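2 protein chains.
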Amino acid sequence: MASKAGKKDTGQSERPARLIDVAQRAEVSRATAARALGGYGLVGDETRERVLAAARELDYSANVVARAMRAGKTQTIGVVVADISNSFFSHATGAIIDTAAKAGYVTLVLNTDDDLAKEVEAVRVLVEKRVDGLIVVPSSPTQYDHFVLKGELAKPLVLLDRRVEGLRVPAAYTDDRGGAKEAIELFLARGHVHIGLLVATAAARGGVEASQPEGVVSTVTDRVAGALEAIKAHRAANPAIRYSRSTLEAAHSGALELLAQKPRVTAILATNEEMALGVLAACGELGLVIGKDVSLVSFDDTPWSKAIAPSMSVVKRPVSELGNAAATALIKAIRGEGRSRKIELATQLIDRGSVANVLKRRR
Amino acid sequence: MASKAGKKDTGQSERPARLIDVAQRAEVSRATAARALGGYGLVGDETRERVLAAARELDYSANVVARAMRAGKTQTIGVVVADISNSFFSHATGAIIDTAAKAGYVTLVLNTDDDLAKEVEAVRVLVEKRVDGLIVVPSSPTQYDHFVLKGELAKPLVLLDRRVEGLRVPAAYTDDRGGAKEAIELFLARGHVHIGLLVATAAARGGVEASQPEGVVSTVTDRVAGALEAIKAHRAANPAIRYSRSTLEAAHSGALELLAQKPRVTAILATNEEMALGVLAACGELGLVIGKDVSLVSFDDTPWSKAIAPSMSVVKRPVSELGNAAATALIKAIRGEGRSRKIELATQLIDRGSVANVLKRRR
DNA sequence: GTGAAAGCGCTAACAG
DNA sequence: CTGTTAGCGCTTTCAC
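The listed protein sequences correspond, in order, to chains A and B.
All residue numbers for the first sequence refer to this note's numbering, where the first residue is 1 and numbers rise by one.
All residue numbers for the second sequence refer to this note's numbering, where the first residue is 364 and numbers rise by one.
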């Protein structure tokens, strides 16, 4: 490859300068050059200048791979998410990338499509790559063998958005149970009696189901639990529930099913952006007006939620903060500084215009 | 760190097994073990079995860093985008990650916030990391020194979404000029005379301006050029234009300014999601009904565009295909197979319900 | 203040 | 079919 240099006009230029090239040009040893470049140890002032000049002249770029091999650390972290193109994950990942970068780490990103097999493979690849740590959005609420090597974690690990039963590692997630509870309480306070839950099951498989599928992640169970908690506390009627695959199409069908309930549901809690969009589409189709015929609250404060008419009430989660917290916790773990356990961030109910008040006058 | 092993119950287990450990356990040389594991060269059947068994027993995970150092290739590519949390970039990046993974590459992602200095730094870091190639969304339409080492590209490079003047490398982008042209022609065909352009300037700086800022990327100039082309071809009146920073707030102000034009603008082309949202918000505020008082077409087909009422007409760009194409071109370049130059993908005008027909009867 | 040398874990000649 | 060996480029004791 590089041997054809100099002949063709497209011939590769000579291979990048190495430390030894810099050392020779500056007429010092590799050790001295390394010290000057690395800014550690003792180096004479003029020697340092000479080395720096040589490095500049040669366009020297340290070979971080060699350094990593020597040091046993790569200054790289791995992020494993269900799907980077999903806005929740892309925002969280963006925050992780930035926080990690500030601490001198670069970030490798892999998708799993919420498929455990892909997650296992992703973790294997990242461990082979010798990342210094991992941030994972686990696709299973119970499986964690792939993180463990010989009774120990293969790498420092922080869970994001979801917890894994029995895995005692730091996890950054939001209080979705509380968020769902608040949303339902808002419905109840406004007089809604027939409430519907459109629950995204993060899983890529399945369509729409009336009962909770197996192996559903913690965010799903938390949100349902929170909603039911509110219902029970207020002795309200059981809500209609549909578990839907997290796509627009499935959400649409799910919403239609909810809206077809005998005493029609007048308020729906959608557990993510796709579910909310499904409700909007279904209502549009049925000629039902949001904020009037059907009230709606959705998880996650998307940019469009305040631009539409009526603007949508949401349970906002601090997504960037979540990513930052996960990255910070991971870097701490990598550096061996203390061990954060659980990082639970609060959600915030933002009531905009999509929840009608159907309260009758006090009789 | 690892030296405190065995004492505390949290003590790290012994360091990961190396090739030599596997070789010893299987009672063969490192070379033989490597051959068996790597599936190349000649190895006796039972020998191979023994090696594989030993590797399994030791939970051997090849050290890819060492391999990379030897091989001079890291099987890693770098992706440099303005902001991974932006839906366009996250979708494109998702496609890149998946395509690269299929070809055996993992992906490092860095953000620039459309800041050239950050871009330069990102490229430096990635080159130090010895990535095998780079996919960059350039933040400047003219600067490219940071990609060049000694008259040569530092690494195989593919541009994404935007072109750079004078830089002859493969670039994957969409025909935004054509897309804008079609959108304007739709307005014209429906009888709109006073047309507005709300143009996102990708730059993080600035607010709202009436004339084109300096150093704006190719997508911006392409879209404006396409729109003006359509206007000129039909001898229509010059459009009102606002260049806006790509945030909801700036877009909102920009839309308000457009809507305040003397003969009021009846149709607006928004050049991205944020701009469209700004128009929606502004219209909501002014009590103007989309698809009736104000017609709207936006670039990029977002999930919410079809769920709102009326659904929004858009210039759809094949985002995932764009990412795939960029990744494929890069991998080709890395492998030295041919050199794709420009990859221009077509846009598609999807007319939904946000463009009113204001045509008067033929007189 | 500077240099010599060992070695991180792996692979690819080259022998046998 | 299998073993020996020489590095890839860097850092880091340990001498001087």
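No residue lacks a Cβ here, since even glycine has one placed at the ideal position from N, Cα and C.
None of these values were measured; they are calculated from a predicted model.
query: Below-7 Å beta-carbon distance, valine 483(B) vs any chain A residue; result: no
query: 7 Å Cβ cutoff, arginine 726(B) in contact with chain A; result: For arginine 726(B), the pLDDT reaches just 46, beneath the cut-off of 50, and the residue's location in the model is therefore unreliable, although a value from the coordinates is still provided. Not one chain A Cβ lies under 7 Å of arginine 726(B).
query: Cβ distance (whole Å) where glutamate 484(B) is taken to contact valine 64(A) below 8 Å; result: Their Cβ separation, rounded to whole angstroms, is 14 Å, which puts glutamate 484(B) and valine 64(A) out of contact at 8 Å.
query: Selection of the stretch 673-704 of chain B by Cβ proximity to chain A, strictly under 7 Å; result: none
query: The stretch 61-76 of chain A: positions lying closer than 7 Å to chain B by Cβ; result: Ser61, Ala62, Asn63, Val64, Val65, Ala66, Ala68, Met69, Thr74
query: Same chain, Cβ closer than 8 Å to valine 414(B), five either side skipped, listed in chain order; result: Val385, Ala386, Ala389, Val391, Thr395, Ala396, Ala399, Leu400, Val406
query: CB-CB length for glutamine 575(B) against alanine 603(B), believed under 8 Å; result: Not confirmed; about 14 Å, so no contact.
query: Aspartate 507(B) burial status per 10 Å Cβ neighbour count (16 or more: buried); result: It should be pointed out that residue 507(B) corresponds to tyrosine in this sequence rather than to aspartate. Buried, since its Cβ has 16 or more Cβ neighbours within 10 Å.
query: Sequence-distant residues of its chain with Cβ nearer than 8 Å to glycine 654(B) (five each side left out); result: Pro673, Gly716, Ser717, Val718, Ala719
query: Start-to-end residues for the alpha helix (DSSP H) that takes in phenylalanine 299(A); result: No alpha helix (DSSP H) contains phenylalanine 299(A), which is instead part of the beta strand (DSSP E) from 295-299.
query: Backbone CA spacing between valine 652(B) and arginine 339(A) [nearest angstrom]; result: 54 Å
query: Residue environment, lysine 316(A), which counts as buried when at least 16 other CB atoms sit within 10 Å; result: buried
query: Beta-carbon gap between threonine 107(A) and isoleucine 77(A) smaller than 7 Å; result: yes
query: DSSP-derived helix/strand/coil call for glycine 441(B); result: strand
query: Span separating the alpha-carbon of valine 657(B) from that of lysine 544(B); result: 19 Å
query: Best match in Arg162(A), Ile195(A), Arg130(A) for proximity to arginine 381(B) [C-alpha to C-alpha]; result: Arg130(A)
query: Nearest neighbour of leucine 659(B), chosen from Gly554(B), Ala614(B), Ser609(B), Ala633(B) [CA to CA]; result: Ala633(B)
query: Segments assigned alpha helix (DSSP H), at least 4 residues, entirely inside the stretch 531-563 of chain B; result: 539-552
query: C-alpha distance - glycine 94(A) paired with arginine 526(B), whole-angstrom precision; result: 24 Å
query: Min CB distance glutamate 620(B) to chain A below 7 Å; result: no
query: Distance, alanine 92(A) Cα to glutamate 321(A) Cα; result: 8 Å
query: Straight-line gap, valine 532(B) to lysine 723(B) (C-alpha atoms, nearest Å); result: 50 Å
query: Extent of the continuous beta strand (DSSP E) to which isoleucine 241(A) belongs; result: 240-244
query: Residue from Leu58(A), Ala202(A), Glu185(A) whose Cα sits closest to the Cα of arginine 245(A); result: Ala202(A)
query: Cβ of threonine 710(B) within 7 Å of any chain A Cβ; result: no
query: Contact set between asparagine 474(B) and chain A, taken where Cβ atoms lie within less than 7 Å; result: Gly94, Ile97, Asp98
query: Through-space distance from glutamate 344(A) to isoleucine 135(A), alpha-carbon basis; result: 16 Å
query: Nearest-angstrom Cα separation, counted from leucine 58(A) out to alanine 325(A); result: 40 Å
query: Local conformation of lysine 73(A) per DSSP, three classes; result: coil
query: Backbone secondary structure at alanine 270(A) - three-state DSSP; result: strand
query: Arginine 205(A), buried or exposed, once every other Cβ within 10 Å from all chains shown has been counted against 16; result: exposed
query: Rounded separation between valine 488(B) and alanine 517(B) - CA only; result: 12 Å
query: Neighbour list for arginine 493(B) in chain A, Cβ cutoff strictly below 7 Å; result: Asn63, Val64, Val65
query: Minimum Cβ-Cβ distance from threonine 428(A) to chain B less than 7 Å; result: Given a span of 1 to 363 for chain A in the structure shown, any question on residue 428(A) remains unanswerable.
query: Outcome for valine 556(B) when other beta-carbon atoms lying within 10 angstroms are tallied against a minimum of 16; result: exposed
query: Given serine 676(B) as reference, the closest of Gly699(B), Val587(B), Tyr403(B), Asn635(B) once Cα atoms are compared; result: Asn635(B)
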